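The structure appears below as structure tokens.
Numbering (UniProt numbering), first residue to last: 1 to 491.
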């Protein structure tokens with residue numbers, strides 16, 4: 001039953017939020033787009049829910065739950081109106097522009113590209129890992145296509161926390177049995193209490209659903225013949241394990257699943273690239289600055305052009321979407337004053353392919369292509385989903401300041417990321433003095449700290465910088481002939 005709504009277009013909720021239009025509805029709720037009258041132009045999503053008097057606490061629980069969460073793949077709640085006399089309450093949260101995975105799936109007629117399915121899986125496991133390690137742990141309990149939003153960049157966002165709950169260790173089973181048939185774990189129907197493993201079942205159901213074109217979401221009968229041929233075969237036992245009836249027979253954490261899938265992804269990428277290039281596969285160099293202005297983009301460009309003098313296929317990828325640098329370079333290359341969004345994001349400078357404002361799904365596609373090296377410009381360090389690209393890279397590079405009074409920033413960043421393995425990391429300190437480099441090596445307990453010589457033009461060859469890169473990359477990359485110089489400052 002769909003309850004009637006109290007809201008209508010043009011209505012002002014709480015003297016602040018003007019209702020623009022309805023954007024969704026369910027049995028017990030309606031969702032509206034609203035414009036903030038105090039912050040002109042700011043749009044929010046308002047969820048109107050209806051509950052019986054004995055259930056008034058549930059919507060309050062949802063609000064309190066969302067308030068404690070902070071993750072780029074979750075909506076941020078900004079306001080809450082408690083149930084009125086008729087049981088109507090309102091949550092004001094981030095408006096996520098995009099479409100649901102359900103609509104995206106329908107648009108592809110059930111045949112979403114295999115690499116895109118893998119990318120969605122990785123993103124969902126990332127947010128599930130966050131929820132399950134929250135204090136207290138949070139179980140989403142309704143992982144299905146209609147509860148997953150996709151932005152224009154194919155970034156995943158989880159929506160509708162209506163049945164999410166905090167895990168209660170001393171509770172034998174769920175008080176309320178909720179979840180969508182076909183995607184909910186067996187224990188959500190009364191066989192036990194739902195926990196993190198229930199969401200992992202839902203993850204397996206979603207993976208099977210996408211992999212079979214919507215034909216299966218449960219491991220009943222034999223779904224293997226219906227799994228598409230382009231889906232990695234090694235993914236099948238992972239899905240099957242996720243869909244085990246007993247929670248103890250499944251993977252126990254999202255991290256375990258992520259590790260298993262990353263091994264598959266890396267193997268497929270390497271094998272595919274090796275067949276195309278005859279080499280060991282696409283190598284990823286991720287460049288991240290300790291802070292803004294550290295020279296991250298400059299360094300990524302310099303590395304890309306250094307590599308291109310020895311390898312035919314090199315790409316420099318911009319994943320720092322707020323940076324105007326690649327747009328400016330493309331303007332110069334194209335001889336235009338501005339670069340519109342409709343313009344092809346790929347352009348070339350001296351044989352190096354540049355990819356402007358690139359989403360993670362596109363990066364995975366690049367890795368499956370013919371590039372020898374992909375150099376990713378991640379911008380400045382933030383504790384968000386971009387950090388994962390840095391951690392997964394073959395050569396992660398941190399760019400810090402060469403000024404001694406700023407070098408503690410590098411140490412602080414290393415400490416804040418101490419839970420991650422750092423043995424592969426390389427630290428670039430432009431123009432740092434030799435004694436400063438030695439001091440940083442002692443503080444970080446690594447020899448991978450290097451001073452980078454001055455290079456005014458990252459597109460041009462510098463003998464001194466080439467020698468430094470040759471030493472840093474252990475002489476694996478040979479030198480090549482000088483090419484025509486590209487000047488960034490050209491109008």
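In this text, a Cβ means the ideal position worked out from N, Cα and C, and glycines have one as well.
Please read these numbers as outputs of a predicted model, since none were measured by experiment.
Proximal residues to residue i (C-beta, below 7 Å), its chain only, five neighbours per side dropped
{"i": "residue 351", "result": "308"}
{"i": "residue 165", "result": "Because residue 165 sits at a pLDDT of 48, beneath the cut-off of 50, its placement in the model cannot be relied upon, and the following sentence gives the value as read from the coordinates. For residue 165, where only same-chain residues beyond five positions count, the Cβ hits under 7 Å are 139 and 141."}
{"i": "residue 176", "result": "Summary for residue 176: the model assigns pLDDT 42, below 50, so the residue's position carries little reliability; its value from the coordinates is reported in the next sentence. Cβ neighbours of residue 176 beyond the five flanking positions: none."}
{"i": "residue 386", "result": "319 and 378"}
{"i": "residue 255", "result": "129"}
{"i": "residue 83", "result": "51, 56, 59 and 89"}
{"i": "residue 441", "result": "447 and 449"}
{"i": "residue 174", "result": "Legend: pLDDT at residue 174 = 41, less than 50; position of this residue unreliable, no value from coordinates given."}
Start and end residues, alpha helix (DSSP H) containing residue i
{"i": "residue 428", "result": "Element bounds for residue 428: not the alpha helix (DSSP H) but the beta strand (DSSP E), 426-430."}
{"i": "residue 127", "result": "114-132"}
{"i": "residue 326", "result": "325-334"}
{"i": "residue 387", "result": "386-392"}
{"i": "residue 435", "result": "434-444"}
{"i": "residue 187", "result": "Taken as a continuous stretch (DSSP letters only), residue 187 belongs to no alpha helix (DSSP H), as it is neither H nor E."}
{"i": "residue 466", "result": "463-472"}
{"i": "residue 150", "result": "Careful: residue 150 lies outside any alpha helix (DSSP H), inside the beta strand (DSSP E) at 148-150."}
{"i": "residue 104", "result": "101-107"}
{"i": "residue 409", "result": "408-416"}
Beta strand (DSSP E) segment containing residue i, residue limits
{"i": "residue 451", "result": "449-452"}
{"i": "residue 50", "result": "43-50"}
{"i": "residue 300", "result": "Here residue 300 belongs to no beta strand (DSSP E); instead the alpha helix (DSSP H) covers 296-308."}
{"i": "residue 94", "result": "88-94"}
{"i": "residue 158", "result": "156-158"}
{"i": "residue 318", "result": "314-318"}
One or two residues paired with residue i in a DSSP bridge
{"i": "residue 201", "result": "Per DSSP, none; premise fails for residue 201."}
{"i": "residue 346", "result": "355"}
{"i": "residue 380", "result": "289"}
{"i": "residue 29", "result": "49"}
{"i": "residue 396", "result": "286"}
{"i": "residue 243", "result": "For residue 243, which the question treats as bridged, DSSP gives no partner whatsoever."}
{"i": "residue 77", "result": "93"}
{"i": "residue 373", "result": "283 and 314"}
Of the listed residues the options, nearest to residue i (C-alpha basis)
{"i": "residue 184", "options": "255, 244 and 358", "result": "244"}
{"i": "residue 388", "options": "353, 460 and 258", "result": "258"}
{"i": "residue 247", "options": "197, 345, 219 and 407", "result": "197"}
{"i": "residue 284", "options": "354, 363 and 255", "result": "363"}
{"i": "residue 133", "options": "187, 199, 110 and 101", "result": "199"}
{"i": "residue 553", "options": "119, 101, 391 and 237", "result": "Any property of residue 553 remains undetermined from this structure, which presents the chain solely from 1 to 491."}
{"i": "residue 471", "options": "461, 449, 137 and 458", "result": "449"}
{"i": "residue 304", "options": "393, 357 and 459", "result": "459"}
{"i": "residue 66", "options": "92, 83 and 56", "result": "92"}
{"i": "residue 354", "options": "119, 80, 194 and 316", "result": "316"}
{"i": "residue 219", "options": "25, 201 and 229", "result": "201"}
{"i": "residue 155", "options": "292, 237 and 358", "result": "358"}
{"i": "residue 322", "options": "346, 464 and 297", "result": "297"}
{"i": "residue 425", "options": "45, 453, 400 and 21", "result": "400"}
{"i": "residue 182", "options": "113, 25, 144 and 473", "result": "144"}
{"i": "residue 23", "options": "41, 48, 288 and 375", "result": "48"}
{"i": "residue 17", "options": "324, 6, 26 and 38", "result": "38"}
Own chain residues within Cβ distance below 8 Å of residue i, not counting five before or after
{"i": "residue 8", "result": "19"}
{"i": "residue 117", "result": "207, 210, 211 and 231"}
{"i": "residue 241", "result": "204, 249, 250 and 251"}
{"i": "residue 445", "result": "none"}
{"i": "residue 223", "result": "208, 212, 215 and 216"}
Contacts around residue i, its chain only, beta-carbon distance under 6 Å, and the 5 residues preceding and following it disregarded
{"i": "residue 467", "result": "none"}
{"i": "residue 11", "result": "19"}
{"i": "residue 432", "result": "402 and 451"}
{"i": "residue 157", "result": "73, 96 and 149"}
{"i": "residue 436", "result": "404"}
{"i": "residue 234", "result": "264"}
Exercise. Would the segment 125-135 and the segment 98-109 be scored as touching if the rule is three or more Cβ pairs under 8 Å?
Worked result: no
Exercise. Pairing CB atoms from the segment 324-335 with CB atoms from the segment 408-420, are three or more of them under 8 Å?
Worked result: no
Problem set entry | Contact the segment 30-41 vs the segment 62-69: 3+ CB pairs below 8 Å | no
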